[in-house]
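K.L.:
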Amino acid sequence: MTNSRHMLAAKDIWFSYQHPVLEAISFDLAAGRLVGLIGPNGAGKTTLLRILRNRLQPHRGEVWLKGKPIQSYARKELARTIGYVLQDHPVGFPLTVLEYVLQARFAFSDGFGFEDAQDVAKAEQALRLTNTFDFRDRKVDELSGGERQRVVLARALAAEPDVLLLDEPTANMDLAYQIGMLSLIKRLTVERDMGSVFVTHELNLAAEFADRILLLRQGRVLAQGRPSEVITEENLRVVFGCDFHVDRNPLSGAPRVSLSARAVAGAGSGARDNVSLEEEEKL
Numbered sequence: 007m008t009n010s011r012h013m014l015a016a017k018d019i020w021f022s023y024q025h026p027v028l029e030a031i032s033f034d035l036a037a038g039r040l041v042g043l044i045g046p047n048g049a050g051k052t053t054l055l056r057i058l059r060n061r062l063q064p065h066r067g068e069v070w071l072k073g074k075p076i077q078s079y080a081r082k083e084l085a086r087t088i089g090y091v092l093q094d095h096p097v098g099f100p101l102t103v104l105e106y107v108l109q110a111r112f113a114f115s116d117g118f119g120f121e122d123a124q125d126v127a128k129a130e131q132a133l134r135l136t137n138t139f140d141f142r143d144r145k146v147d148e149l150s151g152g153e154r155q156r157v158v159l160a161r162a163l164a165a166e167p168d169v170l171l172l173d174e175p176t177a178n179m180d181l182a183y184q185i186g187m188l189s190l191i192k193r194l195t196v197e198r199d200m201g202s203v204f205v206t207h208e209l210n211l212a213a214e215f216a217d218r219i220l221l222l223r224q225g226r227v228l229a230q231g232r233p234s235e236v237i238t239e240e241n242l243r244v245v246f247g248c249d250f251h252v253d254r255n256p257l258s259g260a261p262r263v264s265l266s267a268r269a270v271a272g273a274g275s276g277a278r279d280n281v282s283l284e285e286e287e288k289l
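For the sequence shown, my numbering begins at 7 and goes up steadily by one.
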């Protein structure tokens with residue numbers, strides 16, 4: 007694992023489809039840190055993740071990975087360096103869970119794509135970490151949404167990446183599994199000295215587990231910093247168009263968010279009003 011403290015850096019990122027989606031996005035991701043990316047639908051969170059893993063090219067600005075431009079990475083080198091977890095990761099073929107997780111080890115192969123004993127050991131270790139080892143002989147498409155999400159995380163971890171990007175990793179999970187998933191991601195981020203970013207709509211989970219928060223509004227960074235600095239009543243009202251009450255969790259000291267019962271004025275106004283439904287699906 008690298009000793010570099012800055013794993014990933016976005017520098018003045020701009021991106022558009024037919025309308026502006028991201029404008030002047032800049033932030034650094036340090037090793038051993040977990041960043042929560044929050045904001046309403048249409049704010050550009052998923053688009054930003056795609057740019058951070060080099061699946062989209064910004065129209066302006068650049069992404070640096072471990073001290074060099076991300077475009078300078080060969081495909082296999084990038085696959086070894088960045089792991090990612092999507093909301094709906096395509097499988098493509100009726101693979102078993104073990105076969106699916108082993109795909110992450112292709113980046114370490116000699117070009118023929120045959121896994122060795124070390125690859126199998128790394129895959130099985132990742133399955134155990136995510137409590138999915140008992141599923142290893144089942145087909146991925148037979149799993150529930152929450153089970154599949156944990157398997158997708160196992161696949162990302164099997165490559166032992168330096169950077170982990172996660173798009174709503176707790177989607178389709180019961181609360182206990184949500185807490186377990188983020189606890190695992192937090193622990194591994196520290197133990198493996200990774201830099202990790204997760205997108206979530208769960209404000210309290212972001213406040214509880216993230217070291218830093220990046221809050222997007224209409225494709226721009228409204229605020230970034232420690233959870234206590236970003237998750238404030240004023241920031242949330244501006245971004246989401248709702249009245250919130252923010253106090254402290256008496257058990258952890260993290261910000262705790264409650265939705266006010268008062269009338270909602272312009273709910274969702276943090277998203278761009280001029281983004282079409284088709285474009286919003288890309289965000």
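Even glycine gets a Cβ: it sits at the ideal position worked out from N, Cα and C. The structure displayed is predicted, hence computed values, not measured ones.
(1) Tell me whether Leu170 sits in a helix, a strand or coil according to DSSP, three-state version.
(2) Please say whether Ala160 and Ala132 have beta carbons closer to each other than 8 Å?
(3) Kindly identify the DSSP beta-bridge partner or partners of Tyr90.
(4) Would the beta-carbon of Asp42 fall within 8 Å of that of Thr195?
(5) For Glu214, does the count of other Cβ atoms within 10 angstroms reach 16, so buried, or fall short, so exposed?
(6) Alpha carbon to alpha carbon, how far is Tyr79 from Gln109? Give it in angstroms, no decimals.
(7) Determine the DSSP secondary structure at Lys17, reduced to helix, strand or coil.
(8) According to DSSP, is Tyr23 part of a helix, a strand, or is it coil?
(9) Is it the case that the Cβ atoms of Asp18 and Ala30 are separated by a distance below 8 Å?
(10) If we ignore side chains and look at the alpha-carbon of each, how far apart do Lys51 and Glu240 end up?
(11) In three-state DSSP terms, what is Arg61?
(12) Please state the DSSP three-state secondary structure of Gln109.
(13) My output table needs one value for Ser150: the three-state DSSP class, helix, strand or coil.
(14) Are Leu306 and Gly89 closer than 8 Å when you measure CB to CB?
(15) CB-CB under 7 Å to Gln155, same chain, minus the five flanking residues each way: which ones, in chain order?
(16) Cβ of Phe204 within 8 Å of Cβ of Leu181?
(17) Where does Glu240 sit, in a helix, a strand or coil, going by DSSP?
(18) Rounding to the nearest angstrom, what Cα-Cα distance links Ser32 and Gly45 in this structure?
(19) Can you tell me which of the three DSSP states Gln224 falls into?
(20) Under the DSSP definition of a beta bridge, which residues are partnered with Ile44?
(21) With distances taken between CB atoms, is the gap from Ala85 to Leu58 smaller than 8 Å?
(22) Report the rounded CA-to-CA distance for Tyr106 versus Phe114, giving the unit in angstroms.
(23) Can you tell me whether Ala129 is helix, strand or coil according to DSSP?
(24) Given this structure, state the Cα-to-Cα distance separating Arg226 from Arg144, to the nearest angstrom.
(25) Taking the Cβ atom as the reference point for each residue, do Asp249 and Ser234 lie within a distance shorter than 8 Å?
P.N.:
With the given structure in hand:
(1) Along the sequence shown, read from residue 1 onward, the residue named residue 170 stands at position 164. In the structure shown, Leu170 adopts extended strand secondary structure according to DSSP, grouped into three states.
(2) Residue 132 sits at position 126 when you count from the first residue of the sequence shown. Residue 160 sits at position 154 when you count from the first residue of the sequence shown. The Cβ-Cβ distance between Ala132 and Ala160 falls below 8 Å.
(3) Residue mapping note: residue 90 aligns to position 84 of the sequence shown, counting from 1. Paired residues: Leu171.
(4) Position 36 of the sequence shown, counted from the first residue, corresponds to residue 42. Position 189 of the sequence shown, counted from the first residue, corresponds to residue 195. In the sequence under discussion, the amino acid at residue 42 is Gly, which differs from the Asp named in the question. Note that the C-beta distance between Gly42 and Thr195 is not below 8 Å.
(5) The sequence position of residue 214 within the sequence shown is 208, counting from 1. Burial check for Glu214: the Cβ neighbour count within 10 Å reaches 16 or more, so the residue is buried.
(6) Taking the first residue of the sequence shown as position 1, residue 109 is located at position 103. Taking the first residue of the sequence shown as position 1, residue 79 is located at position 73. Rounded to the nearest angstrom, the two C-alpha atoms are 20 Å apart.
(7) Your numbering for residue 17 matches position 11 in the sequence shown. Note: Lys17 maps to strand in three-state DSSP.
(8) The count along the sequence shown starts at 1 and reaches residue 23 at position 17. Looking at Tyr23 - three-state DSSP - the assignment turns out to be coil, as it is neither helix nor strand.
(9) As a first step, residue 18 is located in the sequence shown; it is residue number 12 there, counting from the start. As a first step, residue 30 is located in the sequence shown; it is residue number 24 there, counting from the start. With respect to Ala30, Asp18 sits close: the two C-beta atoms are nearer than 8 Å.
(10) Locating residue 51 in the sequence shown gives position 45, counting from the first residue. Locating residue 240 in the sequence shown gives position 234, counting from the first residue. Their backbone Cα atoms lie some 21 Å apart in a straight line.
(11) Taking the sequence shown and counting its residues from 1, one reaches residue 61 at position 55. Secondary structure at Arg61: coil, using DSSP grouped into helix, strand and coil.
(12) Counting from one through the sequence shown, the residue named residue 109 turns up at place 103. Residue state for Gln109 is assigned as helix, using DSSP reduced to three classes.
(13) Residue numbering aside, residue 150 sits at position 144 when the sequence shown is read from its first letter. Three-state result, Ser150: coil.
(14) Absent from the model: residue 306. The displayed extent of the chain is 7 to 289, so no value can be given.
(15) Position 149 of the sequence shown holds residue 155. Non-local beta-carbon contacts of Gln155 in its own chain, meaning distances under 7 Å to residues more than five positions away in sequence, involve Pro175, Ala177, Asn178 and Met179 in chain order.
(16) As a position in the sequence shown, residue 204 is number 198, starting the count at 1. As a position in the sequence shown, residue 181 is number 175, starting the count at 1. No, the pair does not count as a contact, with Cβ atoms beyond the cut-off.
(17) The residue labelled residue 240 in the question sits at position 234 within the sequence shown. Correct three-state label for Glu240: helix.
(18) Sequence index remark: in the sequence shown, residue 32 carries index 26 (1-based). Sequence index remark: in the sequence shown, residue 45 carries index 39 (1-based). The alpha-carbon of Ser32 is positioned some 16 Å away from that of Gly45.
(19) By one-based count along the sequence shown, residue 224 stands at place 218. Of the three classes helix, strand and coil, the one that applies to Gln224 here is coil, per DSSP.
(20) Numbered from its first residue, the sequence shown carries residue 44 at position 38. The bridge partners DSSP lists for Ile44 are Leu221.
(21) In the sequence shown, the residue the question calls residue 85 occupies position 79. In the sequence shown, the residue the question calls residue 58 occupies position 52. For Ala85 and Leu58, no; Cβs fall outside 8 Å.
(22) The residue given as residue 106 occupies position 100 in the sequence shown. The residue given as residue 114 occupies position 108 in the sequence shown. Roughly 15 Å separates the two Cα atoms.
(23) Here residue 129 refers to the residue found at position 123 when the sequence shown is read from its first residue. Residue state, collapsed to three classes: helix.
(24) In the sequence shown, the residue the question calls residue 226 occupies position 220. In the sequence shown, the residue the question calls residue 144 occupies position 138. Distance between the alpha carbons of Arg226 and Arg144: 43 Å.
(25) One-based indexing of the sequence shown puts residue 249 at position 243. One-based indexing of the sequence shown puts residue 234 at position 228. Not closer than 8 Å, so no.
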